[in-house]
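One line per chain: the protein sequences are W and Y, in this order.
Positions in the first sequence are counted from 1; adding 9 to them yields this note's numbering.
Positions in the second sequence are counted from 1; adding 39 to them yields this note's numbering.
Ideal Cβ positions, reconstructed from N, Cα and C, are used throughout, including at glycine.
Reviewing the structure listed below.
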Amino acid sequence: MSTSFQKHKRLTGLLICGVLFMFGFCYMLVPFYNLVCKQIGYNGKSVRAPAVVAPGMQVDHTRMIDVEFSTTLHGSLPFKFIPLQHHVAIHPGEKKLVYFFAENQTGHEMTVQAIPSITPNDAARYLKKTECFCFTQQHFFKGEKADMPVYFFIDPSVDKNIKEITLSYTLFDASGFEKKQVSLSKGRIDIP
Amino acid sequence: MSGPAPDFGWTFYAPLSTLYGPKSTDFFIFSIHMMGVSSILAALNIVVTIFNMRAPGMTWMKLPIFVWGWLVTAFLLLGVMPVLAGCVTMMLMDRHFHTSFFNAAGGGDPVLFQHVFWFFGHPEVYILILPGFGVISEVIPTFSRKSLFGYHAMVYATVMIAVVGFVVWMHHMFTTGAPFVAQLFFMYATMLVAVPTGIKVFNWLATLFKGSITFETPMLFAIGFLIMFTLGGFSGVMLALAPSDYQYRDSYFVVAHFHYVLVSGSLFTIIAAIYYWLPKWTGKMYSERLGQLHFWLSVIGMNVTFLPMHFLGLAGMPRRIPDYPLQFTDFNQICTIGAFIFGLAQLIFLYIILKSCFGKEKTPHHLDNRVWEGAHGLEWTLPSPPPYHTFETPPAV
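So, in structure tokens, the structure goes:
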């Protein structure tokens with residue numbers, strides 16, 4: 010009897026290990042998902058950190074790509090948030106600086122975070138930014154207005170079919186998620 | 040506690056269930072944890088019993104096919120219930136412990152929720168259906184008076200459905216902006232499921248072929264399953280094609296599809312199992328006439344309810360809406376009539392079960408051990424109903 014009891018105990022133990030592994034696997038899906046998204050540029054995850062300009066990158070003068078900008082406010086966030094230019098036409102490899110205007114209309118100070126998204130999906134990983142207000146959270150005092158910069162280029166290895174790319178930002182209320190570090194608002198122009 | 044009950048549907052997508060979920064969501068999370076624990080314990084019990092406690096001589100390839108169905112189901116439960124537990128734990132942490140797994144403002148991603156959820160959710164539908172496949176594989180041979188055609192292929196097909204079921208989850212999310220390659224992979228993987236399922240359907244047909252068939256109630260439900268499940272399978276293949284899925288997505292077509300596979304695949308098979316084993320459990324034969332009436336009302340009600348939903352979906356009626364445009368009224372009325380027939384028919388079923396359990400027979404009639412002429416298996420060697428202690432010395436197979 011004792012041998013069969015031990016047999017049950019061993020198998021049950023093994024299966025419980027499997028169950029615990031699957032519970033851990035569920036949490037492992039989180040970094041794995043982020044990694045995959047970063048590789049394919051999904052949900053703007055590839056453009057939340059500064060890109061490196063490849064040495065010897067050539068501007069491709071033979072074609073133009075129209076980059077359009079759009080903005081969304083998440084929920085009913087009382088902010089004004091618009092791109093100063095609605096679209097720019099650039100050559101692949103050409104660097105461009107554009108600004109987005111934001112105004113805090115909440116009546117109190119607030120920290121916000123912009124989340125980028127790029128369409129079409131196949132072009133997402135070729136749009137690269139060396140500077141962006143979305144790399145960090147942005148702090149706004151009551152009624153503060155600012156122009157926030159994006160310095161970007163399109164990797165010349167982008168597919169020839171791509172004629173238009175849309176870069177869209179959604180502004181989220183980040184209160185409750187404030188980062189400890191002082192947010193570096195490099196290039197941000199505060200408007201009095 | 041103030042506020043409504045959980046109001047985000049069974050898929051509880053974030054942020055509906057995290058950022059905007061009512062307070063009662065925490066109870067929802069707690070009950071899912073409880074359910075997960077009980078499912079895992081039951082699955083452990085089943086796996087250990089089947090591995091360690093088979094009768095002498097009961098080799099793997101002699102196991103009743105119903106037991107195989109349960110073994111694979113139990114492994115699926117062990118594989119995905121912890122993932123669901125992890126998913127709701129992440130929700131709980133997002134709601135109360137200041138994490139942001141699913142909140143974009145804090146660096147998370149709501150689409151991640153859908154991945155984690157459907158990683159659980161797709162194997163879950165095979166959890167619903169595999170025991171049903173097992174039942175049908177017992178019922179059809181019994182009433183065809185033949186042994187099951189292609190037993191080995193049936194076992195391998197069951198295992199293959201379970202394995203492939205782990206790599207198809209993203210077909211629930213083709214329109215979430217998934218990259219092209221991923222859509223292709225999940226489309227092909229999904230269509231691959233049709234192969235083992237096709238093996239099963241053809242084996243059931245081959246079992247029926249040249250069989251000496253009688254149409255008692257369990258067999259009627261089994262044949263009803265076979266036809267309607269195959270129809271549901273066809274609309275499944277339509278939905279599996281990513282390009283056409285963009286049209287059918289989130290429409291009533293999807294509702295029609297999964298009711299065809301689940302009402303027949305899960306409900307009809309369970310009903311077939313109850314009619315099949317009820318005389319064994321209670322020692323009393325149910326009324327065949329009432330059983331047949333139950334079957335015909337169910338099958339008519341079910342088809343009247345769900346067939347029009349295909350057309351509603353293709354005409355553009357979305358899922359999960361409180362009200363629909365006026366032009367869909369007629370078909371919806373047909374659905375309603377069907378649903379009433381289907382629902383009321385189940386009262387007959389309830390009556391049959393209660394009568395079988397508690398009814399007194401005027402002239403006590405001794406029920407044969409075997410009950411059905413073509414039944415094979417250990418349970419049919421016992422008296423009906425079986426005494427409290429059976430097989431005190433394990434039978435040699």
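Nearest residue (CA-CA) to residue i, options the options
i, options, result
"Y/Gly-304", "Y/Phe-260, Y/Val-276, Y/Val-86 and Y/Thr-253", "Y/Phe-260"
"Y/Ser-251", "Y/Leu-301, Y/Val-234 and Y/Ile-179", "Y/Ile-179"
"Y/Val-4", "Y/Pro-361, Y/Phe-268 and Y/Leu-169", "No answer is possible for residue 4 of chain Y: the residues shown for chain Y start at 40 and end at 436."
"Y/Leu-437", "Y/Gly-216, Y/Tyr-285 and Y/Glu-255", "This structure does not reach residue 437 of chain Y, given that chain Y is present from 40 up to 436, and the question cannot be answered."
"Y/Ala-295", "Y/Met-341, Y/Tyr-427 and Y/Phe-264", "Y/Met-341"
"Y/Phe-307", "Y/Pro-364, Y/Ser-70, Y/Phe-388 and Y/Ile-104", "Y/Phe-388"
"W/Asp-75", "W/Lys-47, W/Phe-142, W/Val-159 and W/Ile-163", "W/Ile-163"
"W/Thr-145", "W/Leu-23, W/Arg-57 and W/His-17", "W/Arg-57"
"Y/Arg-184", "Y/Ala-245, Y/Val-203, Y/Thr-269 and Y/Val-232", "Y/Ala-245"
"Y/Gly-228", "Y/Leu-187, Y/Leu-247 and Y/Val-203", "Checking the sequence, you will find Ala at residue 228 of chain Y rather than Gly. The shortest Cα separation from Y/Ala-228 among Y/Leu-187, Y/Leu-247 and Y/Val-203 belongs to Y/Val-203."
"Y/Cys-126", "Y/Asn-84, Y/Met-92, Y/His-137 and Y/Tyr-52", "Y/Tyr-52"
"Y/Ser-154", "W/Phe-41, W/Arg-19, W/Ser-13 and W/Asn-130", "The sequence shown places His at residue 154 of chain Y, rather than the Ser named in the question. Residue W/Phe-41 is the option with its Cα nearest to Y/His-154."
Under 9 Å between C-beta atoms of residue i and residue j
i, j, result
"W/Phe-88", "W/Asn-113", "yes"
"Y/His-161", "Y/His-191", "no"
"Y/Leu-317", "Y/Ser-395", "yes"
"W/Ala-183", "W/Val-107", "no"
"Y/Leu-116", "Y/Ile-79", "yes"
"W/Gly-102", "W/Met-157", "no"
"W/Thr-21", "Y/Gly-216", "no"
"Y/Leu-336", "Y/Ile-380", "yes"
"Y/Val-86", "W/Leu-24", "yes"
"Y/Phe-334", "Y/Tyr-285", "no"
"Y/Phe-114", "Y/Met-129", "no"
"W/Leu-93", "W/Phe-110", "yes"
Cutoff 9 Å: residue i Cβ touching any chain W Cβ
i, result
"Y/Ala-196", "no"
"Y/Ala-217", "yes"
"Y/Ile-104", "no"
"Y/Ala-81", "no"
"Y/Ser-139", "yes"
"Y/Leu-110", "no"
"Y/Met-73", "no"
"Y/Val-87", "yes"
"Y/Phe-268", "no"
"Y/Met-129", "yes"
"Y/Gly-275", "no"
"Y/Gly-125", "yes"
"Y/Phe-90", "yes"
Below-9 Å beta-carbon distance, residue i vs any chain Y residue
i, result
"W/Tyr-135", "no"
"W/Asn-170", "no"
"W/His-148", "no"
"W/Thr-115", "no"
"W/Gln-122", "yes"
"W/Asp-164", "no"
"W/Phe-109", "no"
"W/Cys-143", "no"
"W/Ala-183", "yes"
"W/Phe-90", "no"
"W/Thr-179", "yes"
"W/Leu-29", "yes"
"W/Thr-81", "no"
"W/Thr-175", "no"
"W/Asp-75", "no"
Beta-carbon proximity list for residue i, same chain, < 7 Å, skipping 5 on both sides
i, result
"W/Met-119", "Asn-113, Phe-149, Asp-182 and Ser-184"
"W/Cys-26", "none"
"Y/Leu-123", "Ile-71, Gly-75 and Phe-159"
"W/Glu-187", "Thr-120 and Gln-146"
"W/Gly-116", "Lys-151"
"W/Ser-55", "Lys-47, Ala-133 and Arg-134"
Beta-carbon proximity list for residue i, same chain, < 8 Å, skipping 5 on both sides
i, result
"Y/Met-97", "Val-436"
Beta-carbon contacts of residue i that lie in its chain and below 6 Å, excluding the five residues immediately before and after
i, result
"Y/Cys-374", "Thr-344 and Pro-347"
"W/Lys-104", "Phe-162"
"Y/Met-267", "Tyr-299 and Ser-303"
"Y/Ile-16", "Residue 16 of chain Y is absent from the model: chain Y starts at 40 and stops at 436."
"Y/Leu-58", "none"
"W/Gly-7", "Residue numbering for chain W in the displayed model covers 10 to 201; residue 7 of chain W lies beyond these limits and cannot be assessed."
"Y/Ala-312", "Val-174"
Beta carbons nearer than 9 Å to chain B: which residues of the region 141–166 of chain Y have them? You won't find chain B in this structure, because its protein chains are W and Y.
Tell me which residues of the region 32–43 of chain W have at least one Cβ-Cβ distance to chain Y shorter than 9 Å, keeping chain order. Within the region 32–43 of chain W, the residues whose Cβ lies closer than 9 Å to some Cβ of chain Y are Phe-32, Gly-33, Phe-34, Cys-35, Tyr-36, Leu-38, Val-39, Tyr-42 and Asn-43, listed in chain order.
Output, in sequence order along the chain, the residues in the region 49–64 of chain W whose CB is closer than 7 Å to any CB in chain Y. For the region 49–64 of chain W, the set of residues with a beta-carbon nearer than 7 Å to any beta-carbon of chain Y comprises Ile-49, Tyr-51 and Asn-52, in chain order.
Output, in sequence order along the chain, the residues in the region 14–27 of chain W whose CB is closer than 9 Å to any CB in chain Y. Flagged, chain order: Lys-16, His-17, Leu-20, Thr-21, Leu-24, Ile-25 and Gly-27.
For the region 210–242 of chain Y, which residues have a CB atom closer than 9 Å to at least one CB atom of chain W, in sequence order? Hits within the stretch, in order: Gly-216, Ala-217, Pro-218, Phe-219, Val-220 and Ala-221.
Could you run through the region 111–122 of chain Y and flag, in chain order, every residue whose CB is less than 8 Å away from some CB of chain W? Within the region 111–122 of chain Y, Leu-117, Gly-118, Val-119, Met-120, Pro-121 and Val-122 place their CB atoms closer than 8 Å to a CB of chain W, listed in sequence order.
Chain-ordered residues of the region 360–391 of chain Y with a beta carbon less than 8 Å from chain W: With the criterion set as a beta carbon lying under 8 Å from some beta carbon of chain W, the region 360–391 of chain Y has no members that meet it.
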